[in-house]
Ligand SMILES: Nc1ncnc2c1ncn2[C@@H]1O[C@H](COP(=O)(O)OP(=O)(O)OP(=O)(O)O)[C@@H](O)[C@H]1O
Ligand SMILES: [Mg+2]
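Chains as they are written, first to last, in the working numbering: chain A, 18 to 267; chain B, 309 to 556.
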């Protein structure tokens, strides 16, 4: 109960911080430079891990489905269909967002947290810089832009991984697999997935930014802030996944 | 001039500053001295608004800082330079970019002009050929000096230094003290320095405020401090072997 009561002022502080984040950057040119840097550090560097995880997950889903189709009445094209649906609907937007919450969220929180405990944020404030905006806004914008790209990339890699596994094992032919991928395809589900991704990107950037920003103490607290950022972002992603699925698919 | 009027600050239910009133004069090096943990850093952070005071007001040359909104404070802060106890250099930027940062943020100067300014302030703190180094590649004293260079890059009207010479050898610390005093007089700015170094106190203390357990205990300057009868201050001043010999 005490923990629940603790949440309310925390939400209040989060909202107050966001009001400082969502202001016009002092200098657009500096914002632009920061944005490019963050896209590189938070986005481009994630392509490798995304490709790796997505390919293997796609392969596993394909193999599981193929082995579970025992009835001759079910066409083997179901494998392609199943891979496509699970990858686009949940795996890429939700699971990968969780993984990115771990990778990117901890990075954001520890970077900003370190700046807090070494008084670098104070130094920004003293210069008259809105530190919340300067530090969090470019990171958030970068994630909002790059995460949808990463997720669409992950979808392709997942479907590709499934195909690779089927060709390697000989369980399903390429033509069956491709046919399955095309069954009853609705562009809306991609829109749904990207909408979720954007929401999750917002959660990752702002929640991690918040926990980094309010760190106090030293190196130990920076570590705690970074853990907290990952845990809370993940919980929120799971919760909002349910809410958004209800809102968007019904 | 900066005026602190009846400042109080608590952390939780622990009072750290108790009704402190003090004026810090223009063109002078105003020292705040006191034991470790007495509240010097907290006082300084209250003066610049990094901590909100629980009671009292801070006035910068007739401008009430305490009642200002965020936007107005932001403007006033462009007149403030501050040296933090740990330096607080941006560790993702080179020395040059650290110093150039406020210039990039708030001026429209061309790059050549900004570079000139960087080299000028670096020279001012006796550093050369460090422009492209990262803060992690500097020694503690060099980092302090770069931090001073950054603090004075924008020609501040108010300069705050939190223990500018802690952790430095006596000679380097003397150089830094001298530098702070020189800048203060040359540009006629209001400078406030936190210190518990007696060399600094006797060297540059135009005005001295002694903080004892969060209270303003004594006011004076580098001449009067040696003759004080105040017991707590005496213990502070003559607490070391060197200074106690001086007294005898
Ligand atoms: N952010 C904070 N939260 C809670 N208490 C604090 C905080 N900052 C400082 N204090 C407390 O305020 C008191 C004064 O601290 P302050 O940092 O002002 O000391 P100081 O005089 O600068 O000491 P030093 O010479 O060691 O730097 C200390 O007891 C410290 O524990
Ligand atoms: Mg201090």
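Note that CB positions come from ideal geometry on N, CA and C, so glycine has one too.
Taking 6 Å as the cut-off, is the CB of residue i close to at least one heavy atom of ligand 1?
i	result
residue 319 of chain B	yes
residue 508 of chain B	no
residue 593 of chain B	Absent from the model: residue 593 of chain B. The displayed extent of chain B is 309 to 556, so no value can be given.
residue 361 of chain B	no
residue 21 of chain A	no
residue 77 of chain A	no
residue 324 of chain B	yes
Is there at least one non-hydrogen atom of ligand 3 closer than 6 Å to the beta-carbon of residue i?
i	result
residue 64 of chain A	Among the ligands present in this structure, namely ligand 1 and ligand 2, ligand 3 is not found.
Chain-ordered residues, beta carbon under 7 Å from a heavy atom of ligand 2:
B:348, B:349, B:393, B:470, B:471 and B:502
Going along the stretch 139 to 159 of chain A in order, which residues come within less than 9 Å of chain B, judged by CB to CB distance?
139, 140, 141, 142, 143, 144, 145, 146, 147 and 151
Where are the alpha helix (DSSP H) runs, 4 residues long or more, that stay fully inside the stretch 74 to 104 of chain A, in chain order?
95 to 103
What are the start and end residues of each continuous beta strand (DSSP E) run of 3 or more residues lying completely inside the stretch 153 to 196 of chain A, in chain order?
none
In the stretch 33 to 53 of chain A, which residues sit with their C-beta less than 7 Å from some C-beta in chain B, listed in chain order?
43, 44 and 47
Where the stretch 354 to 378 of chain B meets chain A: residues whose CB sits under 9 Å from a CB there:
356, 357, 358 and 378
Runs of 3 residues minimum, wholly inside the stretch 477 to 542 of chain B: which ones carry the beta strand (DSSP E) assignment?
498 to 503, 515 to 520 and 523 to 528
The stretch 148 to 162 of chain A contacting the stretch 53 to 62 of chain A, beta-carbon criterion three pairs below 8 Å
yes
Within 7 Å of chain A by C-beta, residues of the stretch 425 to 445 of chain B in sequence order
none
Taking beta-carbon pairs under 8 Å, can you tell me which members of the stretch 53 to 75 of chain A lie near chain B?
none
Entirely enclosed alpha helix (DSSP H) segments - the stretch 365 to 410 of chain B, minimum 4 residues:
378 to 385
Closer than 9 Å, Cβ to Cβ, to anything on chain B: give me those residues from the stretch 122 to 137 of chain A, in chain order.
128, 131, 132, 135, 136 and 137
Using a beta-carbon distance cut-off of less than 8 Å, what residues from the stretch 401 to 425 of chain B approach chain A?
409, 410, 412, 413 and 414
What are the uninterrupted segments assigned as beta strand (DSSP E) that are 3 or more residues long and contained completely in the stretch 412 to 486 of chain B, given in chain order?
466 to 470
Are the stretch 361 to 379 of chain B and the stretch 441 to 457 of chain B in contact at 8 Å, needing three or more beta carbon pairs?
no
Using 8 Å as the cut-off, can you tell me whether the stretch 202 to 215 of chain A makes contact with the stretch 232 to 249 of chain A, which would need three or more C-beta pairs spanning the two stretches below that distance?
no
For the stretch 454 to 466 of chain B against the stretch 386 to 393 of chain B, do three or more pairs of beta-carbon atoms, one drawn from each stretch, fall closer than 8 Å, so that the two count as touching?
yes
Entirely enclosed alpha helix (DSSP H) segments - the stretch 337 to 366 of chain B, minimum 4 residues:
348 to 356
Is there contact between the stretch 369 to 380 of chain B and the stretch 114 to 123 of chain A, where contact requires at least three CB pairs shorter than 8 Å?
no
For the pair the stretch 18 to 33 of chain A and the stretch 131 to 144 of chain A, tell me if three or more CB-CB distances fall below 8 Å.
no
Identify each residue in the stretch 500 to 534 of chain B for which the Cβ-Cβ distance to at least one residue of chain A is less than 9 Å, and report them in chain order.
none
Indicate whether the contact test is met: 3 or more Cβ pairs, each with one atom in the stretch 99 to 113 of chain A and one in the stretch 162 to 179 of chain A, closer than 8 Å.
yes
Does the stretch 330 to 343 of chain B touch the stretch 501 to 518 of chain B, meaning 3 or more C-beta pairs lie closer than 8 Å?
yes
Check whether the stretch 529 to 541 of chain B and the stretch 484 to 498 of chain B are in contact - that is, three or more C-beta pairs closer than 8 Å.
no
On the three-pair Cβ rule with 8 Å, is the stretch 397 to 407 of chain B touching the stretch 446 to 458 of chain B?
yes
Does the contact criterion of 3 or more C-beta pairs under 8 Å hold for the stretch 248 to 261 of chain A versus the stretch 192 to 204 of chain A?
no
Does the stretch 310 to 321 of chain B come close enough to the stretch 470 to 486 of chain B that 3 or more CB-CB pairs lie under 8 Å?
no
What are the residues in the stretch 445 to 466 of chain B lying within 7 Å of chain A by C-beta distance?
none
Three or more C-beta pairs under 8 Å: does that hold for the stretch 181 to 189 of chain A against the stretch 216 to 227 of chain A?
no
Give, in chain order, every residue of the stretch 386 to 401 of chain B whose Cβ lies closer than 7 Å to some Cβ of chain A.
386, 388, 390, 392, 394, 396 and 398
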